[in-house]
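Numbering (UniProt numbering), first residue to last: 1 to 131. Okay, structure first, notes after.
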């Protein structure tokens, strides 16, 4: 279990949740992805997973996957995830398992977290070194 938590702290950006219709959706971008058929988790009931790479074919397949607990994402990356607090029809256990990214990917300028400050400011030069 500790090894999976350590992996989660490094691969939290590559996390996905089981989609009720089919496959999975990445937590950060909401991209539909699927479990690679060669994965040990293929056909297993893993609600939340992290993955190393995505293989692009007719679908995007997650490769090198590991099942995780959703609370590990909140513990390992509190600046990226929070526990979802939506009421409604969800049981208390399901509400506690629900996690949400801390940014709005559809908002104005909220996508700036993807680029470093140096890259956004365009450090000039256009071709040499970074120094």
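Even for Gly, the Cβ is constructed at its ideal location relative to N, Cα and C.
{"Check": "Taking only three categories from DSSP, how would you classify residue 11?", "Outcome": "helix"}
{"Check": "How would you call residue 45, buried or exposed, if buried means at least 16 neighbouring beta carbons within 10 angstroms?", "Outcome": "exposed"}
{"Check": "Spatial neighbours of residue 72 within its chain, please: C-beta separation below 7 Å, excluding the five flanking residues on both sides.", "Outcome": "5 and 8"}
{"Check": "For residue 49, which residues in the same chain have their Cβ closer than 6 Å to its Cβ, ignoring the five residues on either side in sequence?", "Outcome": "16, 65 and 67"}
{"Check": "Could you compute how far the alpha carbon of residue 83 sits from the alpha carbon of residue 74?", "Outcome": "7 Å"}
{"Check": "If you follow the beta strand (DSSP E) that residue 73 is in, where does it begin and where does it stop?", "Outcome": "That residue, residue 73, is in no beta strand (DSSP E); its alpha helix (DSSP H) goes 70 to 76."}
{"Check": "Helix, strand or coil for residue 67? Go by DSSP, reduced to three states.", "Outcome": "strand"}
{"Check": "Let's test the definition: count the other Cβ atoms within 10 Å of the Cβ of residue 13 and tell me whether it reaches 16, buried, or not, exposed.", "Outcome": "exposed"}
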